[in-house]
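Notes follow once the structure below has been shown.
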Amino acid sequence: MGNNNNNTCPDSCCTGDEILCIGIPCPIDIVLLGIELQVELPCVRLTSPGTLTGDQVQQLLGVLQGILGALGNLGAAENLDNGEE
Numbered sequence: 520m521g522n523n524n525n526n527t528c529p530d531s532c533c534t535g536d537e538i539l540c541i542g543i544p545c546p547i548d549i550v551l552l553g554i555e556l557q558v559e560l561p562c563v564r565l566t567s568p569g570t571l572t573g574d575q576v577q578q579l580l581g582v583l584q585g586i587l588g589a590l591g592n593l594g595a596a597e598n599l600d601n602g603e604e
């Protein structure tokens, strides 16, 4: 793993006008159950063909807060499993 001879990554795909954009232009090395994997996820993009209403923005914010909160809880649960507080 980590034998990527190409040390440069392309520019991110994000332009700044998306609702949400996550650009990971370089592959990520992951070991799962002792199996070496390489994940290539160049871009996750959420856009809207039209202008969002205030209610739609609030709905999206609620969903994103829920997702981020769940991710934070996963980290907290992992720390508790390791005996940390």
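Take the sequence shown: its letter number 75 is residue 594 in our numbering, and every next letter is one higher. For every residue, glycine included, the Cβ atom is placed at its ideal position computed from N, Cα and C.
Top-ranked residue by Cα proximity to residue i, from the options
{"i": "L539", "options": "L565, E559, Q575 and Q557", "result": "L565"}
{"i": "Q557", "options": "I543, S567 and P568", "result": "I543"}
Cα-Cα separation, residue i to residue j
{"i": "C545", "j": "L560", "result": "8 Å"}
{"i": "D574", "j": "L552", "result": "43 Å"}
{"i": "T570", "j": "I554", "result": "44 Å"}
{"i": "N464", "j": "Q578", "result": "Residue numbering for the chain in the displayed model covers 520 to 604; residue 464 lies beyond these limits and cannot be assessed."}
{"i": "T572", "j": "T527", "result": "40 Å"}
{"i": "C533", "j": "I547", "result": "18 Å"}
{"i": "V576", "j": "G585", "result": "14 Å"}
{"i": "D536", "j": "L587", "result": "21 Å"}
Residues bridged to residue i [DSSP beta-bridge criterion]
{"i": "D548", "result": "Q557"}
{"i": "V563", "result": "I541"}
Close-in-space but distant-in-sequence residues of the same chain around residue i (CB under 8 Å, 5 per side omitted)
{"i": "I583", "result": "At residue 583 the sequence reads Leu, which differs from the Ile that was named. Excluding positions up to five away in sequence, the list reads L539."}
Sequence-distant residues of its chain with Cβ nearer than 6 Å to residue i (five each side left out)
{"i": "V563", "result": "I541"}
{"i": "L580", "result": "none"}
Other residues of its chain near residue i: CB distance less than 7 Å, five sequence neighbours each side excluded
{"i": "P529", "result": "P544"}
{"i": "I549", "result": "L556 and V558"}
{"i": "S567", "result": "I538"}
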